[in-house]
Structures are given as structure tokens and as C-alpha cells.
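In the working numbering, the protein residues as written are 6 to 327.
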Ligand code: RIB
Ligand code: CA
């Protein structure tokens, strides 16, 4: 090849790399709002220069599916206008669950923040909507999972071909050492639907796990919100949400559970990612217990904060105007 052609090819390759590095990540968010889901979505709304948000789907978890669906309608209407949304599964994959986390997030899932009737158009089958987005996407799709993995397990079971076009699943779920927050041995999202987590973790789609320990460790004191301005819907929403969450680990704080999943994708510089294997227990006695075992050849990873000060400063500035 002549040196002119080589030079042209070299420039083409550089341009391609630049385009790739600047292209937005095509993403789907599956969530069970939930106050930390809501704050995580607001962080995502501040990072739409990095992502191409194709769908927000609701799952049952913190509160029942009709409430989490109403809450994603509110977000779509007020913070993500025009985004496609879809209603997810009412129940976990196997066990009929009576668990929820309304003691933490309130019966509305949004603490003391009151929303009226919602009319934002919502598709009625999240698995069908996810399949449609993924099979029609030119780029591989990244899934952000902020609740139990029921919808995603059902997607991979019903439409296994979608796995080929999913790049990664960032998921707030489980714990590193088998501890829990809803029981002594299980984190809430894993406990709510252990079978789904077990299935998804064995689908050869890389998972980036945001474990319970990270959320317990990264917290913001509620007193920070006292000085918050409340002129805009968003600021008022953030202040009321943050003040009304009832964290089991420390009622004077808000734990950054789901926020760490959004930031793992949008600001990975706050974390390190440890390659690992995932073990999910599904036997009834300890269903939802998880162990994340370090393995340098593992396809999965779990995140650990490397710069908590920078993380907190970013969240205070971006969400709490502090
Ligand atoms: O254990 C914390 C997780 O369970 C968070 O995602 C919270 O929103 C609940 O879904
Ligand atoms: Ca959640």
C-alpha cells in the first residue's frame, strides 16, 4: 500500500476512534422507584450528553408495580420528556413476594413527595419493549438495573437472541460477603427475586455489580439538604425526597445505593472495578444471599469507590446545589 494510502487509512482509523469515544452509550434503565432510584434518575438527567436513553421500565420492588410505574410516568413527564417507558412484571420470577421497602421509601415510593394522577403514555409489557429496543439498536445496549432483575431475566428467557446485543448490565444488587439489609443474609433486590439474579448472572452478559456494601459506605448527611433552594420542581423534588427517606442503616443519612450504578457508567473515575465471579443462593432458607468472589479472569466485576470525596462533591453540586 502506498504511503499516501497508508496515511489516509491511519487518519480514517483515528477518526473512527474519535467517533467511538464520543458516541453516547445506548441505554435502558429498569427501576423500582424508590427514592434512591429517583435521585439516580435525576443524576442521569444531568448526564444525557453521555447516554442515549431509549427506555425506562418499571419493576416491582420497593413498592408494587402500579406505584413504581406511576413514578416513572412522573419522571418521564418532568425530567425526561419524550422518553419511551414501559410497565414491568408484577411479581418476581418464582416466589410470590409480599416484601417491599415502603418502610424506607414510603407507600408512594417517593417519601413525602406527593404526585397526582399520571397520564404519560406507558407501554404495558417491559419485556416486549426491551426486546424491541435491543433488537433494533445498531449499537450494543447497556442496561442500568436499579431494582430486582425480574424483567431482565424474563427478557433473556423469552428472547435469548437479545443477549448478543447487550453490552453490559450495571446492577445495584447483592453483597460481596453474603450480608444483607432486608434480612441478615440478603440485600433487598437480590432477596426480592433471587432466581432472576441467578439466571442473569449465568447468561454470559458481563455484569457490573454495585454491591450493598458500597451503598452502605457512601452516604450524604440529611442536614446538607436543609439549605437547599426549592424554586424549581427538581430542587423541591430532591429536597423532599432526600429528607423523607428512612434509611435502615442510618436515618440521619441517605445511602447512595442506586446513584452509584448511574455514576459507574457516567463517571467511572470515582470507582475501581474488581473482576469477579457471582454466586447467588436460591434455596428458600437463604434465598438472595450472594457472594462476589474476586477472579481476574471473571467476566463480571464489582465496583469500589476510590475517591469518595470527589464522588460526594459531585453529587452535592449536581443534585443538592451545595
Ligand atoms: O438494597 C438497596 C436497593 O433496594 C436499592 O436499589 C433500593 O432502591 C432498593 O431497590
Ligand atoms: Ca432501586
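Note that CB positions come from ideal geometry on N, CA and C, so glycine has one too.
Since the model is a prediction, treat every value here as computed from it, not as a measurement.
Residue 102 carries a coil assignment under DSSP once its states are collapsed to helix, strand and coil.
Between residue 199 and residue 285 a beta carbon distance of about 6 Å is seen, short of the 8 Å cut, so the two are scored as contacting. Rounded to the nearest angstrom, the gap between the Cα atoms of residue 312 and residue 267 is 16 Å. In the displayed model, residue 51 falls within coil according to three-state DSSP, outside both helix and strand. In this structure residue 90 is in contact with residue 127, their Cβ atoms being roughly 5 Å apart against a cut-off of 8 Å. As the crow flies, the alpha-carbon of residue 222 is around 24 Å from that of residue 291. Per the C-alpha coordinates, the member of 282, 79, 306 positioned closest to residue 47 is 79. The C-alpha of residue 179 is placed about 7 Å away from the C-alpha of residue 293.
Between residue 63 and residue 9, the alpha-carbon positions lie close to 54 Å from each other. Partner residues in a beta bridge of residue 229, as assigned by DSSP, do not exist. Relative to ligand 1, residue 67 has its C-beta within less than 6 Å of a heavy atom. Here the distance from the Cβ of residue 212 to the nearest heavy atom of ligand 1 is not below 6 Å.
Proximity of the beta carbon of residue 42 to ligand 1 is indicated: a heavy atom of the ligand is located closer than 6 Å. Rounded to whole angstroms, the gap between the alpha carbons of residue 261 and residue 67 is 15 Å. In this structure, ligand 2 has a non-hydrogen atom nearer than 6 Å to the beta-carbon of residue 39. Assigned with DSSP and collapsed to three states, residue 322 falls in helix. Given a length threshold of 4 residues, each whole run of the alpha helix (DSSP H) inside the segment 220 to 270 is given here in chain order: 238 to 249.
DSSP, read as helix, strand or coil, puts residue 307 in strand. In the assembly as shown, residue 94 is a buried residue. Its beta-carbon has 16 or more other beta-carbons within 10 Å.
Counting only residues of its own chain and dropping the five nearest sequence neighbours on each side, residue 240 has a CB closer than 7 Å to the CB of 233, 234, 326. Non-local beta-carbon contacts of residue 144 in its own chain, meaning distances under 6 Å to residues more than five positions away in sequence, involve 31 in chain order. By the C-beta density criterion, residue 15 is exposed, having fewer than 16 other C-beta atoms within 10 angstroms. A contact between stretches requires three or more CB pairs, one per stretch, nearer than 8 Å, and the segment 146 to 163 fails this requirement with the segment 107 to 125. Assignment of beta-bridge partners to residue 172 by DSSP yields no partner. Residue 191 carries a coil assignment under DSSP once its states are collapsed to helix, strand and coil. Check the Cα spacing between residue 75 and each of 96, 314, 129, 259: the tightest is with 129. In terms of CA proximity to residue 41, 247 leads the group 274, 247, 77.
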